[in-house]
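Remarks on the structure that follows.
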């Protein structure tokens, strides 16, 4: 299957700082990328969907000014958590879908800890 | 509404078959998926089925879909200890909605 990478795999930051997470599709062009967050022992919750060159569509309850998403190319999307707080600590997973029917591939996740 | 339910836990003996069940509510789902997540890792796509199919087999994996009852199952034949993980079903409507996840534990 296709490969999606994320960087960093884990990050610790102080409250009030911003953190950027990168998501790359390594061997296919991702027309759509998704960002999820997962709390311990819970399912994945979709935060936002982005199409290359367009503004992201955020799910209800997700603050777009806090979670900035940029999908500048067909292989790269970034999620920036601005003014991070301890409650933003979570596992963030990106996913990418190409133009093929039905398949959506996931990155390995980024564990964010805000102290 | 969008609601995908799974049982939380399943324990099986190595070599037996495992059956993980999933129910969903949105009849407009186009595809249904099974993903595997190992501790601290992302999701691995195991298999998916188009909504107009009722069965798909891929090596040790068999997916059964009962669209009338909105019920999806994943059968793993000859379950191995390496199959221990959390399994998520997901349905695709205009987005991918995940189930609550089933933790599969395989004991020798």
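Residue numbers (my numbering), protein chains in the order written: chain R, 1 to 115; chain S, 1001 to 1108. Glycine included, every Cβ here is placed at the ideal spot set by N, Cα and C. The structure presented is a predicted model; accordingly, all values stated were derived computationally and were not measured.
Measuring alpha carbon to alpha carbon, tell me which of the options ends up nearest residue i.
{"i": "residue 1011 of chain S", "options": "S:1081, S:1095, S:1039, S:1092", "result": "S:1081"}
{"i": "residue 37 of chain R", "options": "R:93, R:103, R:106, R:107", "result": "R:93"}
{"i": "residue 5 of chain R", "options": "R:115, R:110, R:114", "result": "R:110"}
{"i": "residue 82 of chain R", "options": "R:16, R:115, R:45", "result": "R:16"}
{"i": "residue 1071 of chain S", "options": "S:1013, S:1101, S:1062, S:1025", "result": "S:1025"}
{"i": "residue 65 of chain R", "options": "R:54, R:84, R:51", "result": "R:84"}
{"i": "residue 8 of chain R", "options": "R:2, R:22, R:73, R:113", "result": "R:22"}
{"i": "residue 942 of chain S", "options": "S:1087, S:1107, S:1108, S:1106", "result": "Only positions 1001 to 1108 of chain S appear in the structure, and residue 942 of chain S is not among them; the question remains open."}
How far does the beta strand (DSSP E) with residue i in it reach, from first residue to last?
{"i": "residue 20 of chain R", "result": "19 to 25"}
{"i": "residue 49 of chain R", "result": "44 to 51"}
{"i": "residue 1080 of chain S", "result": "Note, residue 1080 of chain S: premise wrong, no beta strand (DSSP E); not H, not E."}
{"i": "residue 1066 of chain S", "result": "1061 to 1066"}
{"i": "residue 77 of chain R", "result": "76 to 81"}
{"i": "residue 39 of chain R", "result": "Element bounds for residue 39 of chain R: n/a, residue is neither H nor E."}
{"i": "residue 1058 of chain S", "result": "1055 to 1058"}
{"i": "residue 1019 of chain S", "result": "1018 to 1024"}
How about residue i and residue j: do their beta carbons lie closer than 7 Å?
{"i": "residue 57 of chain R", "j": "residue 99 of chain R", "result": "no"}
{"i": "residue 34 of chain R", "j": "residue 95 of chain R", "result": "yes"}
{"i": "residue 1021 of chain S", "j": "residue 1073 of chain S", "result": "yes"}
{"i": "residue 75 of chain R", "j": "residue 24 of chain R", "result": "yes"}
{"i": "residue 46 of chain R", "j": "residue 59 of chain R", "result": "yes"}
{"i": "residue 11 of chain R", "j": "residue 26 of chain R", "result": "no"}
How long is the line joining the alpha carbons of residue i and residue j, rounded to whole angstroms?
{"i": "residue 1056 of chain S", "j": "residue 1042 of chain S", "result": "24 Å"}
{"i": "residue 1027 of chain S", "j": "residue 1076 of chain S", "result": "26 Å"}
{"i": "residue 1001 of chain S", "j": "residue 49 of chain R", "result": "Confidence is the limiting factor: at residue 1001 of chain S the pLDDT is only 49, short of 50, which leaves the residue's position unreliable, though a coordinate-based value still follows. Their backbone Cα atoms lie some 19 Å apart in a straight line."}
{"i": "residue 71 of chain R", "j": "residue 1104 of chain S", "result": "35 Å"}
{"i": "residue 1039 of chain S", "j": "residue 108 of chain R", "result": "11 Å"}
{"i": "residue 1019 of chain S", "j": "residue 1064 of chain S", "result": "10 Å"}
{"i": "residue 20 of chain R", "j": "residue 91 of chain R", "result": "13 Å"}
{"i": "residue 69 of chain R", "j": "residue 51 of chain R", "result": "10 Å"}
{"i": "residue 1106 of chain S", "j": "residue 41 of chain R", "result": "18 Å"}
{"i": "residue 113 of chain R", "j": "residue 14 of chain R", "result": "8 Å"}
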